[in-house]
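Per my numbering, residue 2 is the first one in the sequence shown, and the count goes up by one each step.
Just below is one structure, and these are the notes that go with it.
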Amino acid sequence: MIFLFLLPFYLGVSSYMMFRFFYWMKHCNHRFNWLRFKVPFAVVYLFMALSPVIAFLLPKSAVAIVIRRISTYWIGIMLYSLLYVVLFDLLRLIAKHTKLKNTLLFSRGSVISIGSVVVACAVATCLYGIFNARNIKVNEYSVTVNKSCGSDKHLKAVLVADLHMGYAIGVDHITNMVEKINQQDADIVIIAGDIFDNSYDGMDDPEGIKAQLKSIKSKYGVYAVYGNHDIDEKILMGFTFDWGGKQLHSEKMTNFMKECNIKLINDESVLINDEFYLVGRRDTDKPGTEDGTRAEISELTKDLDKTKPIFVLSHEPDELQKTADAGADIDFSGHTHDGQLFPGNLTIGLFWENPCGMIKKDNMYSIVTSGVGVYGTFMRVGTDAEICSVDIDFAG
2 MIFLFLLPFY LGVSSYMMFR FFYWMKHCNH RFNWLRFKVP FAVVYLFMAL
52 SPVIAFLLPK SAVAIVIRRI STYWIGIMLY SLLYVVLFDL LRLIAKHTKL
102 KNTLLFSRGS VISIGSVVVA CAVATCLYGI FNARNIKVNE YSVTVNKSCG
152 SDKHLKAVLV ADLHMGYAIG VDHITNMVEK INQQDADIVI IAGDIFDNSY
202 DGMDDPEGIK AQLKSIKSKY GVYAVYGNHD IDEKILMGFT FDWGGKQLHS
252 EKMTNFMKEC NIKLINDESV LINDEFYLVG RRDTDKPGTE DGTRAEISEL
302 TKDLDKTKPI FVLSHEPDEL QKTADAGADI DFSGHTHDGQ LFPGNLTIGL
352 FWENPCGMIK KDNMYSIVTS GVGVYGTFMR VGTDAEICSV DIDFAG
């Protein structure tokens, strides 16, 4: 219910942005101050500003899906418009208390020029963010595990996470991802949660997406765990509304995964080719169980043969020390998006020991991907959409 408390703030910011735009436009041309311009613009602007709320309130329909997709872009537009407006307003306020207050900096021409720069910067940032979110990169890692893996001296794992298939991420993006995965000639592909974006029905082409996911090629198959967004529940601008009900995994989602030949391993382990273990953990926040709990990592590994490599698949990169102590050699995670949008990428490290990339925790490697998809808005600024190609050598 946090959003209900933030809604007045959001509406206040939206109103502030609209009036700042009107202020700039009337300096550009007095005709923009006429009601015949301001009223239609205000109606369109308010519709865009309220599009997340409108889509949330509407019953599931084609119209609601279109409005929700519009809102995924609007959130990013608002963010960067606000950042640039506040930045230039602060600079102007500072200048007003200096000798610059009586200069051309506060003339009508200056208002027009500065407003034009703000609009150009916001547009350029948003266009870059949209393009960058669609550009899936491949990040490569190399690790050495001091154990024997049977006859295998080398293993290539491909890690992906945070697909967020739904209103923003559709079949085109998934097709791009699958092409990048298949170029890696992987031994195993692992998906570290947030496969869906809180809704099965939000996917633009379920059959097309299914066909793409089924075409993933790897020697040992594709394995996955669920994340905190793999629950079918109402979501508004990143805030979920469960209304106090049990947050169980959707049968539609689970059946979809089976039809894609993706093996879910939530709170269980599998021994692959009698050579290495893959341990899948339920999500910390939304485990999808009746009682809302998940198994301890020590319980999941206590009966495993620890002379064999143990790879843990967990959506959130938490409990790294516990995971290392439980005998894991690599912990594969996602969830963080590396902050996704500037300035979030500068602060994400305050919340996670490993917000993105690879670190060593005792004898265990923690590898966290920034994810394939997006959350909230279809933009990435300061971060990359990626798949991780991990070359694992065994020295045992």
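Think of the CB as a built atom: it goes at the ideal place given N, C-alpha and C, for glycine as much as any other residue.
Because the structure is a prediction, the values reported are computed rather than measured.
Integer-rounded CB distance, given that residue j should sit under 8 Å from residue i
i: F343; j: Y74; result: 17 Å between Cβ atoms; not a contact.
i: G203; j: G167; result: 3 Å
i: K157; j: E387; result: With a Cβ gap of about 16 Å, K157 and E387 do not count as contacting.
i: G374; j: D163; result: 5 Å
i: G281; j: V226; result: 4 Å
i: K27; j: F33; result: 5 Å
i: M359; j: S371; result: M359 to S371, Cβ: 12 Å. No contact.
i: G340; j: D284; result: With a Cβ gap of about 20 Å, G340 and D284 do not count as contacting.
Residues that DSSP places opposite residue i in a beta bridge
i: Y278; result: L272, I311
i: H250; result: H250 is not bridged to any residue.
i: L265; result: A225
i: C150; result: D153
i: I191; result: L160, Y224
i: V382; result: L342
i: M204; result: In the DSSP output, where bridge partners are listed per residue, M204 has none listed.
i: M365; result: K362
Segment limits, alpha helix (DSSP H) that includes residue i
i: Y142; result: No alpha helix (DSSP H) holds Y142; the beta strand (DSSP E) holding it covers 137 to 146.
i: H411; result: Residue numbering for the chain in the displayed model covers 2 to 397; residue 411 lies beyond these limits and cannot be assessed.
i: G77; result: 63 to 97
i: K211; result: 207 to 215
i: L321; result: 321 to 326
i: G345; result: 345 to 348
Chain-order list of residues whose beta-carbon lies under 6 Å from that of residue i (same chain, five-residue window excluded)
i: V223; result: V190, I217, I263
i: A327; result: I298, S299, T302
i: L59; result: A65
i: A329; result: I311, V313, M365
Continuous beta strand (DSSP E) stretch holding residue i: start and end
i: S390; result: 386 to 395
i: L156; result: 155 to 161
i: I232; result: First-last for I232: undefined, no H or E at that position.
Closer than 8 Å to chain C by CB, residue i
i: E354; result: Here there is only one protein chain, and chain C is not present.
Under the three-state DSSP convention, the category residue i falls into
i: Y46; result: helix
i: D306; result: coil
i: H336; result: coil
i: G167; result: coil
i: M359; result: strand
i: H28; result: helix
i: S52; result: helix
i: F57; result: helix
i: Y17; result: helix
i: S108; result: coil
i: S114; result: helix
i: F197; result: strand
i: Y11; result: helix
i: S371; result: coil
8 Å Cβ shell around residue i - same chain, five flanking residues per side excluded
i: K211; result: F257, E260, C261
Nonlocal neighbours in the same chain, by C-beta distance under 7 Å from residue i, ignoring five residues either side
i: K215; result: C261, N262
i: D206; result: G171, V172
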